[in-house]
Amino acid sequence: MLLSENLLSFRNVSKSYYGNTVLSNINIEVKKGEIHALIGENGAGKSTLMNILFGMPVIHTTGGYEGEILIDGQKTDIRSPYEAMQAGIGMVHQEFMLIPQYTIAENIKLNREITTPNAVSRVLGKRLETIDMAKMNEHARKALDTLDMNIEAYTMIAGLPVGHMQFIEIAREIDKTGIKILVFDEPTAVLTESEAQNLLAAIKRLAGMGIGIMFISHRLDEIVSVADRVTILRDGEHVATKDIGDTNAAEIASLMIGRKVSIARDCSECRELSDEVELRIEDLHVAMPGESVRGISLDIRKGEIVGIGGLAGQGKLGIANGIMGTYPARGKVIFRGNELTLNDPHSVIKSGIAFVSEDRKGVGLLLNESVELNIAFTAMQTNDRFMIKAACMAFQNDREMRKHALKMIEDLDIRCESPLQQTGSLSGGNQQKVCVARALTQEPTFLFVSEPTRGIDIGAKKLILDLLLKLNEQLGMTIVMTSSELAELRSICDRIVIVCEGRVVGVLPPDATDAEFGLLMSGSKINTAERSPENA
Amino acid sequence: MPETNTVGLMYKVKDVVSTIGMPTLIIAAFWVLTLVGGYIVGISMSALLSDTIKRAGMNGILVLAMVPAIQSGTGPNFALPIGIVCGLFAMVCSIEAGVSGYAWFLLSFALTVPLAAVVGYGYGKLMNAVKGSEMTIATYTGFSVVALMCLAWLMIPFKNPKMGWFIGKGLRETIQLDAVGAAQILNNILAFEVGGIIIPTGLLLFFALFCVLVWLFFRSKMGIAISAGGINPMFAQATGLNIDKNRIYANVLSTVLGGLGIIVYSQSFGYAQLYTAPLMMAFPAVAAVLIGGATASRAKVSHAIIGVFLFQGLLTTALPVANEIFAGTDLSEIMRMIIQNGIILYALTQVKGGAR
């Protein structure tokens, strides 16, 4: 197959949302029969690029994009997903968009049914024509054959293994006449290894038929084994496009991570940590939707700052949420020699562990309540602080609450009009400080912090990180920080645990190379993480 | 500069509207309008105001019963009739016991609390089982209980002639509380007249007492926990609160308030109304608290107080005024229905998705 003809070209494509640039000058060319991989961290701009390609409304309602898209050398302006379909672009989604109660053929032909006229439809119009089931099955059969699927087209979707569903999604796309470009959005994320192998083989076969493939994946090994070329995006910028033959997983990984500005710890080597294990996690499983944890074991020593990193959806957020009881968990967690009761937030909080949730607005705050109540709330409910006992009932002690709130506002530099201001009207950074203040009010010895700098500006980020460092150094608080931002983890953590697919894939010191981080985060089996945690 | 002044004024107006709330303002304006109309057609203002105060006082606790239910996140207590039949049952038991006057009133109270607490506990359990459709289920639970009690009223083997039918078995539809010397028993405590307006001091003080109690409750540890569970269940759970338990407590409180509320209502009215009378009683109470500025997910004691005065004020004023202006029609009743159901409809449309 000649890899010459450019099926799809992005030329200097840029996009900004409300003055915030998310993509700048992207140039990608997909040739006929080529498998072109697209890789980047969360937020690198992959989804935005696909939204542009498919003419999603979110692009056009926010002022469109700059640059041009060429299909078959023709400048094309795709204004809607329907136009994208007309232009021969198809997408295989990560989540299946199938109707379980319909048969395979019906799903493949959904909204493109083959019909024959009947008496009623002659009067009342085309929408009431009879469905030609035989012909539909025949078409479906052909599409399934292309994919080497020997399953009957009249089987119902419900009950099929996920691997099959993925193939039916693909069959639906290739059944569309004139399909030229097929986008796979993390197609193997939900598949088992053997299913993934089948899928990759099918993708290669489709490319062999002259279809241009855009393959979005986090899994480096897959990209290396299946793609012809790879484009790496980072922070909305086009970092590089390389032939797979000229590169390797390690290089791709380090290009993907890149060296970001980091505020290195002043003296991370000279820190002496005790060997006392404060929190031992054994085989923890957490059923947190989209972030499930599948058996994590981890020791956290007294007085250290442990970072938990990894890509979104791999389960790093599930760890803290599982231990703190916000999502159902099983396993064994031992805190200072005592086993914690899982799924019981009250007892965990009572034992001296505090949690600053990643979902600030959902879990972290009562948005319509005052700053002071938000700060005092947990301590009030679990430790009976800020209460006056009267007539065998406890009532809130306004004076104590105010005093404490004012102290916290000063200590953490929370910018608010008064302790009575509603937290919903504070800025993100100050909301985060209120969350931290609430956790500190519980007087914990152990702190879980998840995504502490999500959605707050760079100045506030530094303040929050400095605050965590201060808590650790001055109060000796053990901190487990979960974050999607590697730079942030590297700046304050003693060691960084990388989670992938719900399991710990490695522990790295903060000064490990970009490639090491990148490889681990992509769940790569190439084991470069020879440096054991003891070096940390 | 005049222009900036207008803009500034507009912002001020917007501020006032958003703090007081649109429905409250509209109803208040409407009430003032009917009062002016009444004055023009020559209806005695003092009689109208006396009536307003009396009716606000007698409905007050029923409206207050909405506050804990809304705060806990189960929405307005459309199953108020459950509490009401508990109160009614306590009242007829007290009559059967043969006591009268204050003793009757206190015994009714004392019987209502445990009865409504037990029933409210069961109701709270039901509300936890049907999370997401509390309001609909509550409405029909209330209806069903009233229907069930219709049978009970007929079959209760009570013998006191003050409340039996003249022939046959069962209890009368309306029982005169005069017979046990309990009509207006609260209203008459320290009652006085000012400029032709009768102030039922006892009734108002009693309502005020309950307002203070509920207000205090929501400043207690449990009260704060209940509110937090209502505003943000995720937050409450992460803090280690047992949301389901708190919802049950809140509904117990609401049911008990409903039971006590009907006793206060009945003594002021002079009659205890059995059978289908409680069927629709939740709706005026729901409407009142919403008019007072509450939403289907947030309510304060102040909302109940403002709401009950505005709503009852409007009803008492609109009735004679409408009768005077549109003689021979039933317009006032139609207006009551439009306002009452309109305001409930309005409030329900304001419920944000995922309010549970």
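In the order they appear, the protein sequences are chains X and U. Mapping to this note's numbering: the first sequence position 202 is 202, numbers consecutive. Each number in this note's numbering comes from the position in the second sequence (counting from 1) with 536 added on. For each residue, glycine too, the CB sits at the ideal point set by N, CA and C.
In the structure shown, what three-state DSSP assignment does residue i receive?
i      : result
U:S669 : coil
U:I733 : strand
X:Q442 : coil
X:V277 : strand
X:V540 : Because chain X is modelled from 1 through 536, residue 540 of chain X falls outside the range shown and cannot be assessed.
X:L160 : coil
U:N723 : coil
X:C500 : strand
X:Q101 : coil
X:N374 : helix
U:E632 : helix
X:F355 : strand
X:L128 : helix
X:V333 : strand
X:G90  : strand
X:S483 : coil
U:Y547 : helix
X:S262 : Reliability of the predicted coordinates at X:S262 is poor, the pLDDT of 49 falling under 50, and no value is obtained from them.
Under 9 Å, do residue i and residue j count as touching if we go by C-beta distance?
i      : j      : result
X:F215 : X:F184 : yes
X:M324 : U:A764 : no
U:G573 : U:V857 : yes
X:K180 : X:I244 : no
U:I880 : U:I620 : no
X:A437 : X:D398 : no
X:A320 : X:T378 : no
X:V363 : U:N768 : yes
X:L447 : X:V434 : no
X:A394 : X:M401 : no
U:Y801 : U:T710 : no
Measure how close the beta-carbons of residue i and residue j come, nearest whole angstrom, since I'm counting them as under 8 Å.
i      : j      : result
X:G315 : X:V30  : Not a contact, Cβ separation roughly 32 Å.
X:S14  : X:N25  : 6 Å
U:N595 : U:V844 : 5 Å
U:A832 : U:V603 : With 8 Å as the limit, U:A832 and U:V603 do not qualify as a contact, their Cβ atoms being about 13 Å apart.
X:E195 : X:G163 : 3 Å
X:F517 : X:L486 : 6 Å
U:V792 : U:V649 : 6 Å
X:S217 : X:D514 : Not confirmed; about 19 Å, so no contact.
X:I464 : X:I305 : With a Cβ gap of about 13 Å, X:I464 and X:I305 do not count as contacting.
U:G656 : U:L796 : Rounded, the Cβ-Cβ distance is 12 Å, inconsistent with contact.
In chain order, what residues of the same chain lie with their CB nearer than 7 Å to the CB of residue i, ignoring the 5 residues before and after it?
i      : result
X:T76  : I69, L70 and A87
U:S519 : Residue 519 of chain U cannot be examined here, being either before or after the span of chain U that is shown, 537 to 892.
X:I170 : V92, L147 and A202
U:L777 : A761, A764 and G765
U:I725 : T737 and G738
X:G55  : I78, R79, S80, P81, E83 and A84
X:A207 : G33, E34, I35 and I213
U:S636 : V716, G717 and A718
X:M256 : I39, G40, E41, I232, R234 and G518
Between the Cα of residue i and those of the options, spot the shortest distance and give me the residue it belongs to.
i      : options                           : result
X:R172 : X:K142, X:L467 and X:T188         : X:K142
U:I631 : U:P769, U:F862, U:R708 and U:V730 : U:R708
U:M758 : U:I880, U:F742, U:K781 and U:T737 : U:K781
U:Q607 : U:G766, U:Y676 and U:T710         : U:G766
X:I99  : X:K332, X:L298 and X:I157         : X:I157
U:L722 : U:V822, U:A744, U:M699 and U:G704 : U:A744
U:I703 : U:I735, U:L690, U:T588 and U:L713 : U:L690
U:S554 : U:G829, U:V750, U:Q876 and U:H839 : U:G829
U:C686 : U:L571, U:T812 and U:P693         : U:T812
X:T117 : X:N107, X:L128 and X:K109         : Per the sequence shown, the amino acid found at residue 117 of chain X is Pro instead of Thr. Here the closest residue by C-alpha is X:L128.
Compute the minimum distance between the beta carbon of residue i and the heavy atoms of the ligand FMN, and state whether it is under 8 Å.
i      : result
X:D228 : Among the components of this structure there are no ligands whatsoever, and the ligand FMN is therefore not found.
Here's a check: name, in chain order, each residue in its chain whose Cβ is nearer than 6 Å to the Cβ of residue i, leaving out the five neighbours to either side.
i      : result
X:V261 : For X:V261, the predicted structure reports a pLDDT of 46, less than 50, and the residue's modelled location is therefore unreliable. A value from the coordinates is still provided. Contacts found: none.
U:T672 : none
X:R280 : D299 and I334
X:E358 : L317, S450 and E451
Near residue i, what residues of its chain come up, given a Cβ to Cβ distance below 8 Å and the 5 sequence neighbours on each side ignored?
i      : result
U:N696 : I631, E632 and G634
X:R294 : H285, G315, E501, G502 and R503
X:D283 : G295, I296, S297, G331 and K332
Interface residues of chain A around residue i at Cβ under 9 Å?
i      : result
X:P345 : Any reference to chain A falls outside this structure, whose protein chains are X and U.
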